[in-house]
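Peer 1: For reference, the structure I am asking about is given below.
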Amino acid sequence: MHIRGDHAELVVGGRLDVRSAADARTVLHSAVDGGAGDLVLDLSRLDSWDATGLGVIMGAHRRAGRRGRRLVLRGVPPQMQRLLVATRLHRILAIEGGIAAESLPRV
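In full-length UniProt numbering, the protein residues as written are 1 to 107.
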């Protein structure tokens, strides 16, 4: 997993899972704490995530809210969009362009 960017936009690549969660959490919390306004999290280069990775994103979302910021997801891959819809988190998280649940391919 690798995360590049600043306090306004981060690009996440690789796998966001139990092995990379601690490092990702540290980077995301630092970005949330060090900036103002929306924090865009570009997931277009993310290969996969597991429940732990999703928990890291939800934690960053809550932390951003407490700091008066908004975490915005950009470039969410289709398989991850399906997971957000299945867990109904697409209703809670800010997702650039939104997710049209009915347009997602069925698995």
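Here a beta-carbon is modelled for each residue, glycine too, at the ideal position from N, C-alpha and C.
Please tell me whether SER30 and GLY53 are closer than 9 Å, where the distance is taken between their beta carbons.
Peer 2: No, these two residues do not count as a Cβ contact at 9 Å.
Peer 1: Leaving out five residues before and five after LEU43 in sequence, what residues of the same chain have Cβ atoms less than 8 Å from its Cβ?
Peer 2: So the list reads VAL12, LEU73, ARG74, GLY75, VAL76, PRO77, MET80, once near-sequence residues are dropped.
Peer 1: By how many angstroms is the C-alpha of ARG45 removed from the C-alpha of GLY34?
Peer 2: Each residue's alpha carbon lies about 24 Å from the other.
Peer 1: What does the alpha-carbon distance come out to for the pair ARG62 and ASP47?
Peer 2: Roughly 24 Å between the two C-alpha positions.
Peer 1: ASP10 to THR87, Cα distance in whole Å?
Peer 2: Rather than Asp, the amino acid found at residue 10 in this sequence is Leu. In a straight line, the C-alpha of LEU10 is about 24 Å away from that of THR87.
Peer 1: LEU39 and ILE57 - do their beta-carbons sit closer together than 9 Å?
Peer 2: No, the pair does not count as a contact, with Cβ atoms beyond the cut-off.
Peer 1: Quick one: Cα of HIS17 to Cα of VAL27, how far?
Peer 2: The question names His, but residue 17 is Asp in the sequence shown. Answer to the nearest angstrom: the Cα atoms are 14 Å apart.
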